[in-house]
Amino acid sequence: MSESEVRGLTDEEANAALGEPDSQTKDFIFQQTMFRIKDPKASLDFYSRVIGMRLLSKLDFPEMKFSIYFVGYEAAEDIPVDKTERASWCLSRKATLELTHDLSFIQLDNI
Numbered sequence: 001m002s003e004s005e006v007r008g009l010t011d012e013e014a015n016a017a018l019g020e021p022d023s024q025t026k027d028f029i030f031q032q033t034m035f036r037i038k039d040p041k042a043s044l045d046f047y048s049r050v051i052g053m054r055l056l057s058k059l060d061f062p063e064m065k066f067s068i069y070f071v072g073y074e075a076a077e078d079i080p081v082d083k084t085e086r087a088s089w090c091l092s093r094k095a096t097l098e099l100t101h102d103l104s105f106i107q108l109d110n111i
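Listed below in structure tokens is the structure:
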């Protein structure tokens, strides 16, 4: 394809490419995207202060040497205080970021 042929879709082409969701997947949501992070303090500062997200839940897995931090766009007053309820609530939110701080991954990176 030549440079003169490279172009984005027209509005009509974009709309024609769309389909109705399958009835079997109508209740599916895009729940999370995972990023590996090296510095949880710096990452949480960036996603909260710069991007405007809130910490929705933090889960620690010491036996596997990692912690995960879920961030997203939710009102502070909607975030449950109880840790178990908060984790369940967090996993029902749409389009969150999972920031994974994996200590074994970090150690391998320094070899």
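Taken in order, the sequence shown gives residues 1 to 111; the numbers are from full-length UniProt numbering. All C-beta atoms in this analysis are idealised placements derived from N, C-alpha and C, irrespective of residue type, glycine included. Nothing here was measured: the structure is a model prediction, and the numbers come from that model.
Check, Outcome
"Does DSSP put Tyr73 in a helix, in a strand, or in coil?", "coil"
"Assuming contact is defined by CB atoms lying nearer than 8 Å, are Phe70 and Thr33 in contact in what I supplied?", "no"
"To which residues of the same chain is Gln31 closer than 6 Å at the C-beta, ignoring the five residues directly before and after it?", "none"
"Could you have a look at Val6 and say whether DSSP puts it in helix, strand or coil?", "coil"
"Hey, is the region 41 to 53 in contact with the region 85 to 100, meaning 3+ C-beta pairs nearer than 8 Å?", "yes"
"Kindly indicate the opening and closing residues of the beta strand (DSSP E) around Glu98.", "96 to 102"
"Does the beta-carbon of Ile111 have 16 or more other beta-carbons within 10 angstroms, so that it is buried, or is it exposed?", "For Ile111, the pLDDT reaches just 47, beneath the cut-off of 50, and the residue's location in the model is therefore unreliable, leaving the point undetermined."
"Could you name the residues of the same chain whose beta carbon sits closer than 8 Å to that of Tyr47, not counting the 5 residues immediately before and after it, in chain order?", "Met53, Val71, Leu97, Leu99"
"Determine, using beta carbons only, whether Asp102 and Lys65 come nearer to each other than 8 Å.", "yes"
"Is Gly72 near the ligand PLP - that is, is its Cβ less than 7 Å away from at least one heavy atom of it?", "Only the bare structure without any ligand can be found here, which leaves the ligand PLP out of the picture."
"Need the endpoints of the alpha helix (DSSP H) that Arg36 sits in, please.", "No alpha helix (DSSP H) holds Arg36; the beta strand (DSSP E) holding it covers 32 to 36."
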